[in-house]
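As structure tokens, the structure follows; a few thoughts come after it.
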Amino acid sequence: MTALRSALIVLFITVLVSGCASLRQDPTQDWSASQLYEEAQAALGRGNFQQAVEYYEILQARFPFGRHAQQGQLEIAYAYYKAQEPEMALAAVDRFLQMNPRHPHVDYAYYLRGLINYERDQSALNRWFPQDQARRDPVPLQQAFEDFGTLVRTFPHSRYAEDARQRMVHLRNQLAAHELHVADFYMRRGAWLAAAQRGRYVLERYAGAEAVPDALEIMVKAYRQLHLDDLAGDALRVLALNFPERAERLEPDT
């Protein structure tokens, strides 16, 4: 009885150990670099972005210098982006650009970087309840503007350049609107010089933005409050030349 009991215990332990070992076994341990890459691509295609990230990470850890790993460096950035992990996505893009400055897909890397930065402060809550665009944190938007600008300047004939240009127009309007939001805050508190400086910044930095006439109007009003009549007159003349209907209500006798 004792011998039977001992045998059963040994058998139980053997089964338990082998079961634990099977649980610990990595199903990808025998996969080649090409299989890891293909499985990552398949997961990406299915929209299983976390699984794709896992396979790309394994690929880079096991085969860091192969052809598939190099391409995977860029595609893992896209997978992180789609998995809503912007900081990891940006780190992956920057690593790719640093290690592969002459890669044929560098233009796409800058384009992807712009997309990541543009959406970086968009939380799940903001996606359901969109916030006033002028109140968004301008830092990632400014970086997105720079990323798209780098793409357009360096790769003007890239397949992504035209879309980047259109996004830059949209970003320019958003960033200018943010500056006006801040300028209005200063105006309501009587900080005339700060308001005028914000308006001038819009003219210098975001020429052609939809907010330009509002920026000129703020400058006229703020300079008048500061008794800087020459500067107010200059701003009014520019406003009258480009937006005469807006300038009429700001004539000195009104």
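In my numbering, the protein residues as written are 38 to 291.
All C-beta atoms, glycine included, are put in the ideal place defined by N, C-alpha and C.
Remember, predicted model here, so these are calculated numbers, not experimental data.
| query | result |
| --- | --- |
| Cβ separation of A248 and L217, assumed to be a contact under 8 Å, to the nearest whole Å | 5 Å |
| Simplified DSSP assignment, three categories, for E112 | helix |
| Reference L134; option with closest CA among K119, E112, L253 and A272 | E112 |
| Rounded separation between V143 and L278 - CA only | 43 Å |
| C-alpha gap between F222 and L265, whole angstroms | 21 Å |
| Cβ-based burial, Q168 [other Cβ within 10 Å; buried from 16] | Low per-residue confidence applies at Q168: pLDDT is 49, beneath 50, and the placement is therefore not dependable, though the value from the model is reported in the following sentence. Flag for Q168 reads exposed. |
| Alpha carbon of S104 to alpha carbon of L96, nearest angstrom | The displayed chain sequence assigns Arg, not Ser, to residue 104. Using only the alpha carbons, I get a separation of about 11 Å. |
| Cβ-based burial, V239 [other Cβ within 10 Å; buried from 16] | buried |
| Beta carbon of G270 nearer than 8 Å to that of I255 | no |
| First and last residue of the uninterrupted alpha helix (DSSP H) at R99 | F86 to R99 |
| Beta-carbon proximity list for D184, same chain, < 7 Å, skipping 5 on both sides | Y147, R150, G151 and N154 |
| Span of the alpha helix (DSSP H), counted from its first residue to its last, around D131 | P123 to M136 |
| Whole-angstrom C-beta distance between V130 and A114, which should lie under 8 Å | 5 Å |
| A259 to F182 span [Cα, whole Å] | 29 Å |
| Extent of the continuous alpha helix (DSSP H) to which E199 belongs | A198 to R225 |
| Continuous alpha helix (DSSP H) stretch holding T65: start and end | Segment: none, T65 is in no alpha helix (DSSP H) and carries neither H nor E. |
| Proximity of A201 and V219 at Cβ, strictly below 8 Å | no |
| Where D266 sits in the DSSP three-state scheme | helix |
| Cβ pair Q88, A80 closer than 8 Å | yes |
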